[in-house]
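The next block holds one structure in the form of C-alpha cells; read it before the comments.
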Amino acid sequence: MENRIRALKKTFAKEEISCFLVANEINMLYFTDFIGGAMLLAPKADENILFVHGVNYEAAKAEAKNCNVRVLKRKEDLLPKVAEEIKSLKPKQVGFDSLEASLYLKMKNALKDIKLEPKDKMIWELRRIKDETELNKMRKAAWLTDEGVRLAVETIKSGVREYEAAAEIEYAMRRLGSEGVAFDTIVASGVRSAFPHGGCTDQKIRKGDLVVLDVGAKYRNYRSDLTRTFVVGDSSPKQRRIYETVKEAQETAFQSIHEGVRARDADRSARKIIEKDGYDEYFVHSLGHGVGLETHEQPTLGPESKDVLKAQNVVTVEPGIYIVDFGGVRIEDTVLVKKESAERLTKATYDFEIQ
Ligand SMILES: [Mn+2]
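Structure (C-alpha cells):
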C-alpha cells in the first residue's frame, strides 16, 4: 500500500506537479486503506496528510495508513484549511482527481497563482493494475458470489418470489463474510429477464421462466460481479439456442483475453458469435468493465474503447441477448488478465436447467 502512493509520486515530475489533492473517497481508500477521509494531500517531498471530520478522527488515527491524520474542528471549513496547507508547500501546479464544480471553483480561487489540474488518469493507471494483496481480496469476493449462486440454485423454483431468492443469496454471502453487496442483486424472471438491469420485484418465478441472476459480493472493500441465467424446469428450444449462443460468445471472448489485447477486440470477438447466430441487435451493452474497489471501473470493454488490456487488470466478460416480451440471457464472470491468458475468478456452475 505504501508502494501505491510512492508509485503515484514517481509520476509527479512527468506530469509537472509537485502535489496531489485526492478528493475522491475511493481513491483515498486506495492509498490509505481507510474510508471516511475528507481529503488527502500528497506532496512530493513531505508527509501525506489525511484531513478528517471529528466523527472519523479516532477511526482514522487507528486505521489510516501512510498519512498523518489532521482533524477538522467543529465549524472549521475543509476547503480553507486544505488550501492553506497547499500554499505553505509553494507548489507551481497541483493535480487533483475529482472535485464538485463548486468546490473546484472555490479551491481555484483560494489557491490564486497555483494551478489546479485534473490528473485522475494518474491514479487510474495504478488502480487498473491489481497487486497481490488486492487479488487475494478479489478472489475471496469472487468465491462469495459463487456461494451465492450455489444458494440460488437451491432456492429458485416455481412459486418463489424474486426478492425472496435475492434475500437468500445475500444472506448466504453475508454469513460467509461478505461485507454487503457490491450492487443491488438482480433476480429478473420471465419477460423481465429481458431488462439488463431488471432489479428484483415481488413477481413469482414460474416453471419455464428464464431467470437472470446478477450478484456481487464485497470483501475488504473489493468487489466481484457475476451473472448466471437459469430456466426453471425444461427449457424451450429457443431459450436453449439463445443460451448456447451467449455461452459460446462468453467463452470465445474469455479465450481472446490476455495482455496486449485491445479491449474493443475482446468485445468484437463476443459480438461476432452473437451476429453469426442472428442476435446482434439484441446485445445492447458492452462486453464488460473493470472491477475492483468499485463495481464499474476502468478499463472498459466495449466497441468504442481505446483501452489495451494489461496483466493484472480485473474485468468482467458479460455478453447478453435480450428479447423484449420473450426474455433475456446474460452470462458474466469476473476475470483476471494474465500475460498469455486469462483466469476466471468466479467459477459458479453454468447449469442452465434447474429444479
Ligand atoms: Mn457487470
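Numbers given in my numbering equal positions in the sequence shown, counted from 1, plus 621.
Every residue gets a Cβ at the ideal spot worked out from N, C-alpha and C, and that includes glycine.
Using only CA atoms, which one of 777, 860, 873, 842 lies nearest to residue 834? 777
Just confirm the distance between the C-beta atoms of residue 873 and residue 894, as a whole number of angstroms; I'd bet it's less than 8 angstroms. 5 angstroms
Cut-off 7 angstroms between Cβ atoms - residues of its own chain near residue 644, not counting five sequence neighbours on either side: 660, 717, 718, 719, 720
Cα-Cα separation, residue 904 to residue 748: 29 angstroms
For residue 622, name the three-state secondary structure that DSSP assigns. coil
CB-CB length for residue 805 against residue 953, believed under 8 angstroms: About 15 angstroms separates the two Cβ atoms, so there is no contact after all.
In the structure shown, what three-state DSSP assignment does residue 971 receive? coil
Could you spell out where the beta strand (DSSP E) holding residue 671 opens and where it closes? 670–674
Drop a sphere of 10 angstroms on the beta-carbon of residue 712, count the other beta-carbons inside from all chains shown, and report buried for 16 or more, exposed for fewer. buried
Starting from residue 910, follow its DSSP beta bridges and name the residues at the other end. 921
Residue from 942, 828, 698 whose Cα sits closest to the Cα of residue 902: 942
Going by the C-beta, is residue 937 closer than 8 angstroms to any heavy atom of ligand 1? yes
Just curious, the alpha helix (DSSP H) that residue 943 is in, first and last residue? Not the alpha helix (DSSP H): residue 943 falls in the beta strand (DSSP E), residues 941–944.
Straight-line Cα distance separating residue 653 from residue 688: 7 angstroms
When DSSP builds the beta bridges, which residues end up paired with residue 825? 782
Could you check the C-alpha separation between residue 819 and residue 670 for me, to the nearest Å? 43 angstroms
Proximity test, residue 928 beta-carbon vs ligand 1 heavy atom, cut-off 8 angstroms: no
Assuming residue 891 and residue 817 make a contact with CB atoms under 8 angstroms, what is their CB distance in whole Å? Between residue 817 and residue 891 the Cβ distance is about 15 angstroms, and since that is not below 8 angstroms, they are no contact.
List the DSSP bridge partners of residue 845. In the DSSP output, where bridge partners are listed per residue, residue 845 has none listed.
How far does the beta strand (DSSP E) with residue 803 in it reach, from first residue to last? Residue 803: not part of any beta strand (DSSP E); DSSP gives it neither H nor E.
Which of helix, strand or coil does DSSP assign to residue 839? Shown here, residue 839 sits in a strand according to DSSP, grouped into three states.
Are the region 735–747 and the region 628–639 touching, with three or more C-beta to C-beta distances below 8 angstroms? yes
Any heavy atom of ligand 1 closer than 8 angstroms to the Cβ of residue 916? yes
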